[in-house]
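First the structure, in the form of structure tokens, and then the observations on it.
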Amino acid sequence: MMRLALVAVAIVVLAAFPKVAAPYYVTLVLPALAYGIALLGFNLLFGYTGLLSFGHALFVALGAYAAAVLSSKLGVKSFEVILIVSGAVGAAVAIPVALLSVRYVKIFFGILTLAFGMLFHSFLFKFYDLTGGDTGIRVLRPKLFGMEFAELDKTSFLIGPFYYYCLVLLVVMGFLMWRIVHSPFGLHLTAIRDNPRKAEYLGVRVRLFRLIAFVISAVYGAIGGVILAINTGQADPELAYWTHSGELVFMTVLGGFGNFFGPIVGAFTFIFLKSELMGITQYWRFLLGLILALIVILIPGGLMGLARDLYLKIGARR
Amino acid sequence: MTAFLDVLIGGVFHASVLFLVAAGLQLVFGVQRIVNLACGSFYALGAYFGITAVNTAIAAGVPPWSFILVLILSGILLAAIGPVIELVLRTVYKRDEAFQLLLTFAFVLMFQDVLRFFWGANPQTLGNLSMSYGKVTLGEVSFPTYNVLVIAASIGIALALGWFLQRTRYGRILRATAENRDMAAALGANVRWINASVFTLGTLLGTVGGALVVPTSAASLDMPVELVVEAFAVVVIGGLGSMRGALVGALIVGLVRAWAITKYAELEVLAIYLVVIVVLVARPAGLFGKPIE
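In structure tokens, the structure reads:
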């Protein structure tokens with residue numbers, strides 16, 4: 001009950017945010033919504049299935065490039081069509097990648113996914129004619145439910161109708177993911193994470209379930225990538241670079257991967273933290289790295305883990 | 001024939017530097033089970049510090065023939081950061097390997113700005129220094145003698161490392177630890193000291209590698225993250241944790257890269273990673289790796 005109330009409050013705050021906050025901060029929330037969706041999927045793989053992908057940015061980039069090709073090369077303007085096609089592209093690429101990757105676990109899985117991510121990055125980078133090379137491809141403003149919003153300039157479109165669309169999308173996809181992880185399928189995944197051998201003895205088809213989790217996470221990643229690309233108006237190869245994958249892991253651990261809402265909290269914290277640090281100093285990477293190191297060493301449960309500990313401590317005192 | 005020689009020499013040169021970094025990665029993974037993403041940062045640090053060291057040496061009037069020694073020495077000196085970083089890593093040895101990986105990623109971020117702070121954002125070079133050793137001409141191909149010296153130095157380091165791991169008492173302890181940590185500890189191996197020294201040795205291989213390469217190419221802020229990608233390809237092709245794998249993997253990656261650059265420049269990294277994926281499909285643990293699970 002308590003959790004439901006907190007989620008409701010969070011949604012209301014996010015919905016009211018564009019009305020009360022300066023546009024700059026609203027434009028920061030938009031990528032956070034995008035990363036929130038992508039990380040919901042990432043956490044299904046990492047937090048629930050126990051597979052750490054260090055190449056998940058591949059799917060974020062894939063979504064971004066799908067949106068770019070659809071909108072500026074094929075003239076598809078409908079956001080709904082872009083979302084569905086990008087998600088399908090994500091799934092289509094994820095299947096062969098997953099077939100090869102899920103034969104491995106732990107660090108080997110991480111390295112192999114990193115390899116695929118870099119493969120895609122160099123493809124984007126080097127095949128100039130197809131992908132625009134390092135300049136990338138422009139992403140045009142989509143129509144939402146067939147509506148153009150031609151009277152709005154770019155920023156008011158993004159922090160207006162597009163913002164609300166993405167917020168609803170996050171809530172819907174969050175709800176779907178909640179259902180997935182609390183279904184028998186989700187329980188299978190946690191069983192695989194905790195003891196793959198025992199799960200196998202119990203008749204769980206370990207590789208198949210890992211594969212399905214991978215594909216679902218790829219679809220979420222691609223949809224996050226679509227929003228990210230529309231927000232910046234550009235799809236560029238850096239989205240697929242391995243350090244971007246590292247940032248995805250960073251956000252997830254920052255929020256707490258043992259927790260359903262952790263990655264979303266991590267996405268919001270990371271985006272605002274990065275923006276604040278960049279405002280303070282040109283050496284923001286150092287501070288970001290320092291914060292990451294401190295989280296890894298001191299609060300491995302992430303922010304949600306910390307909040308939970310505090311909550312339990314207060315409860316115990318009472 | 002000319003083109004073939006070009007590819008061969010360019011490839012072997014690149015392989016010899018890659019081997020050093022990959023050997024460091026293998027050593028740390030083999031003994032400590034940590035995949036060190038920061039190995040590329042050590043490499044870049046070695047390169048930048050090497051520039052400073054050589055410039056200092058020139059100002060001090062050191063004769064040009066000794067530059068390569070100055071570079072190796074500067075790499076060895078820099079390895080002093082190894083124990084410091086190991087001290088931080090020590091806090092997460094007992095945690096999930098995701099945290100260890102992530103902590104080394106944190107170091108990548110931090111080193112990026114350390115390099116920027118000390119050496120600025122612009123790429124730095126040692127000018128034409130590698131030519132001060134003259135050229136070697138083989139038929140119609142000529143290439144800097146310096147490159148040959150680096151290949152020789154790398155072979156020397158590889159042999160020394162092999163001797164150290166195979167023949168010395170300490171090397172045997174390291175191999176035993178890599179084989180079975182708990183058993184080695186139970187038999188009285190000083191695990192704390194082993195961790196510190198192995199990580200430092202891994203760092204040293206990376207910093208020396210970076211220092212040796214800098215006379216032939218610029219040191220830039222992209223260096224660390226780009227090198228990691230190649231070093232990873234090397235260890236995955238060769239098999240995680242295997243020294244022989246590092247050697248063979250480095251040769252494969254070096255040659256494929258050199259070939260791709262002359263033939264299809266746009267395929268450079270793509271070609272390397274295609275090899276990685278083909279190897280993994282055929283031999284899941286890499287060429288010399290142990291079977292997984």
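Here the protein sequences come in this chain order: R and W.
For the first sequence, the UniProt record's numbering gives the first residue as 1, with consecutive numbering after it.
For the second sequence, the UniProt record's numbering gives the first residue as 1, with consecutive numbering after it.
By construction, the Cβ of each residue, glycine as well, lies at the ideal position given by its N, Cα and C atoms.
Checklist entry - Between the segment 201-235 of chain W and chain R, which residues of the former have CB atoms less than 9 Å from a CB of the latter, in chain order? => result Listed in sequence order: V225, V228, V229, F232, A233 and V235.
Next on the checklist: Pairs of beta-carbons, one from the segment 106-124 of chain W and one from the segment 26-44 of chain W, closer than 8 Å: are there three or more?
Outcome noted: Short answer: they touch.
Checklist entry - With C-beta atoms as the reference, is I194 of chain W less than 8 Å away from L174 of chain W? => result Taking the first residue of the second sequence as position 1, residue 194 of chain W is located at position 194. Taking the first residue of the second sequence as position 1, residue 174 of chain W is located at position 174. For I194 of chain W and L174 of chain W, yes; Cβs fall inside 8 Å.
Next on the checklist: For L30 of chain W and L101 of chain W, what's the separation of their Cα atoms in angstroms?
Outcome noted: Mapped onto the second sequence, residue 30 of chain W falls at position 30. Mapped onto the second sequence, residue 101 of chain W falls at position 101. Before going further, note that residue 30 of chain W is Gly rather than Leu in the sequence given. One C-alpha to the other measures close to 15 Å.
Next on the checklist: Helix, strand or coil for I299 of chain R? Go by DSSP, reduced to three states.
Outcome noted: Looking up residue 299 of chain R in the first sequence gives position 299. Under the three-state reduction of DSSP, I299 of chain R is assigned to coil, being neither helix nor strand.
Checklist entry - Alpha carbon to alpha carbon, how far is E293 of chain W from P196 of chain R? => result The sequence position of residue 293 of chain W within the second sequence is 293, counting from 1. The sequence position of residue 196 of chain R within the first sequence is 196, counting from 1. Confidence at E293 of chain W is low in this model, with a pLDDT of 46, below 50, so its placement is unreliable and no value can be given for it.
Next on the checklist: I need the DSSP call for V281 of chain W, collapsed to helix, strand or coil.
Outcome noted: Locating residue 281 of chain W in the second sequence gives position 281, counting from the first residue. V281 of chain W falls in the helix class under three-state DSSP.
Item to check | Coarse secondary structure for A61 of chain R, derived from DSSP in three states | outcome: Within the first sequence, numbered from 1, the residue matching residue 61 of chain R stands at position 61. DSSP, read as helix, strand or coil, puts A61 of chain R in helix.
Next on the checklist: Tell me the rounded alpha-carbon separation between V28 of chain W and F108 of chain R.
Outcome noted: Here residue 28 of chain W refers to the residue found at position 28 when the second sequence is read from its first residue. Here residue 108 of chain R refers to the residue found at position 108 when the first sequence is read from its first residue. Spanning the two alpha carbons is a distance of roughly 15 Å.
Item to check | Selection of the segment 109-120 of chain W by Cβ proximity to chain R, strictly under 9 Å | outcome: Answer set for the segment 109-120 of chain W: L109, M110, F111, Q112, D113, V114, R116 and F117.
Next on the checklist: Taking the alpha carbon of R103 of chain R as the reference point, which residue from R:R205, R:P263 and R:G90 has its own alpha carbon closest?
Outcome noted: Residue mapping note: residue 103 of chain R aligns to position 103 of the first sequence, counting from 1. Cα-wise, what sits closest to R103 of chain R is R:R205.
Item to check | Sufficient close CB pairs (3 or more, under 8 Å) joining the segment 50-69 of chain W to the segment 186-201 of chain W | outcome: Verdict: no, contact absent.
Checklist entry - When you check each C-beta in the segment 227-255 of chain R against every C-beta of chain W, which residues fall closer than 8 Å? => result Taking 8 Å as the cut-off between beta carbons, the residues of the segment 227-255 of chain R near chain W are Y241, W242, T243, G246, V249, F250 and V253, in sequence order.
Checklist entry - How about the segment 149-164 of chain R and the segment 14-32 of chain R: do they share at least three Cβ pairs that are nearer than 8 Å? => result Contact holds: three or more Cβ-Cβ distances are below 8 Å.
Item to check | chain W contact residues for G289 of chain R, given Cβ-Cβ distances below 9 Å | outcome: For this step, residue 289 of chain R is matched to residue 289 along the first sequence. Ordered by position in chain W, the residues that pass the 9 Å Cβ test against G289 of chain R are F105, A106, F107, V108, L109, M110, F111, Q112 and D113.
Checklist entry - Taking 8 Å as the CB-CB limit, is I111 of chain R close to chain W? => result On the first sequence, position 111 is the one that residue 111 of chain R refers to. Using a Cβ-Cβ cut-off of 8 Å, I111 of chain R counts as an interface residue toward chain W, since at least one Cβ of chain W sits closer than that to its own.
Checklist entry - Does the segment 223-233 of chain R come close enough to the segment 61-81 of chain R to have 3 or more Cβ pairs within less than 8 Å? => result Contact holds: three or more Cβ-Cβ distances are below 8 Å.
Checklist entry - CB M243 of chain W to CB L165 of chain W, shorter than 8 Å? => result For the purposes of this step, residue 243 of chain W is identified with residue 243 of the second sequence, where counting begins at 1. For the purposes of this step, residue 165 of chain W is identified with residue 165 of the second sequence, where counting begins at 1. Contact: yes.
Next on the checklist: Can you pull the chain W neighbours of I297 of chain R, defined as C-beta to C-beta under 8 Å?
Outcome noted: Taking the first residue of the first sequence as position 1, residue 297 of chain R is located at position 297. Here the neighbours are V88, T91, V92 and L103.
Item to check | Under 8 Å between C-beta atoms of V296 of chain R and L103 of chain W | outcome: As a working note, residue 296 of chain R is residue 296 in the first sequence. As a working note, residue 103 of chain W is residue 103 in the second sequence. Contact flag set, yes.
Next on the checklist: So, for F268 of chain R: in the same chain, excluding its five sequence neighbours on each side, which residues have a beta-carbon less than 6 Å away from its beta-carbon?
Outcome noted: One-based indexing of the first sequence puts residue 268 of chain R at position 268. Excluding sequence positions up to five before and after F268 of chain R, its CB lies within less than 6 Å of the CB of A32, all in the same chain and listed in chain order.
Item to check | chain R contacts from the segment 29-58 of chain W (Cβ-Cβ distance under 7 Å) | outcome: Answer set for the segment 29-58 of chain W: V35.
Checklist entry - What three-state label does DSSP hand L287 of chain R in the structure shown? => result For this step, residue 287 of chain R is matched to residue 287 along the first sequence. In the structure shown, the three-state DSSP call for L287 of chain R is helix.
Checklist entry - So, helix, strand or coil for E293 of chain W, using DSSP? => result The count along the second sequence starts at 1 and reaches residue 293 of chain W at position 293. Residue confidence is low: E293 of chain W scores 46 on pLDDT, short of 50, so the model does not pin down where it sits. Its coordinate-derived value is still stated next. The DSSP-derived three-state label of E293 of chain W is coil.
Next on the checklist: Distance check for I151 of chain W and G136 of chain R, CA to CA, integer angstroms please.
Outcome noted: The residue you call residue 136 of chain R lines up with position 136 of the first sequence. The residue you call residue 151 of chain W lines up with position 151 of the second sequence. Rounded to the nearest angstrom, the two C-alpha atoms are 38 Å apart.
Checklist entry - Which residues of chain W have a Cβ atom closer than 8 Å to the Cβ of Y283 of chain R, listed in chain order? => result Numbered from its first residue, the first sequence carries residue 283 of chain R at position 283. Within 8 Å of the CB of Y283 of chain R, the CB atoms of chain W belong to D113, R116 and F117, in sequence order along the chain.
Item to check | Buried versus exposed, by CB contacts within 10 Å (16 or more), L201 of chain W | outcome: Translated into positions along the second sequence, residue 201 of chain W becomes position 201. Around the CB of L201 of chain W, 16 or more other CB atoms lie within 10 Å, so the residue is classed as buried.
Checklist entry - What residues of chain R sit near I277 of chain W, judged by a beta carbon separation below 9 Å? => result As a first step, residue 277 of chain W must be located in the second sequence, where it is residue number 277. Chain R residues near I277 of chain W: L100, L112, A115, F116 and L119.
Checklist entry - In terms of residue numbering, what span does the beta strand (DSSP E) encompassing L140 of chain R cover? => result The sequence position of residue 140 of chain R within the first sequence is 140, counting from 1. Premise fails: L140 of chain R is in no beta strand (DSSP E) and is neither H nor E.
Item to check | Any C-beta of chain W under 8 Å from that of L303 of chain R | outcome: Along the first sequence, read from residue 1 onward, the residue named residue 303 of chain R stands at position 303. Chain W contact via Cβ: absent.
Next on the checklist: Give me the chain W residues within the contact set of F260 of chain R, using Cβ-Cβ distance strictly less than 8 Å, ordered along the chain.
Outcome noted: Walking along the first sequence from the start, residue 260 of chain R turns up at place 260. Those within 8 Å of F260 of chain R in chain W number zero; the least Cβ separation is about 18 Å.
Next on the checklist: Between the alpha carbons of R179 of chain R and L51 of chain R, how many angstroms are there, rounded?
Outcome noted: In the first sequence, residue 179 of chain R corresponds to position 179, counting from 1. In the first sequence, residue 51 of chain R corresponds to position 51, counting from 1. In this structure, the CA atom of R179 of chain R is about 20 Å from the CA atom of L51 of chain R.
Item to check | For L138 of chain W, three-class secondary structure by DSSP | outcome: Start at 1 with the first residue of the second sequence, and residue 138 of chain W comes out as number 138. Strand, per DSSP.
Checklist entry - In the structure shown, what three-state DSSP assignment does Q234 of chain R receive? => result Position 234 of the first sequence, counted from the start, is the residue given in the question as residue 234 of chain R. Looking at Q234 of chain R - three-state DSSP - the assignment turns out to be strand.
Item to check | Closest by C-alpha distance to F123 of chain R, when choosing among W:T2, W:A271 and W:G120 | outcome: Position 123 of the first sequence, counted from the first residue, corresponds to residue 123 of chain R. Nearest of W:T2, W:A271 and W:G120 to F123 of chain R, Cα basis: W:A271.
Checklist entry - Counting pairs of beta carbons, one from the segment 134-141 of chain W and one from the segment 279-294 of chain R, are three or more of them closer than 8 Å? => result The segment 279-294 of chain R and the segment 134-141 of chain W do not touch, with fewer than three beta-carbon pairs separated by less than 8 Å.
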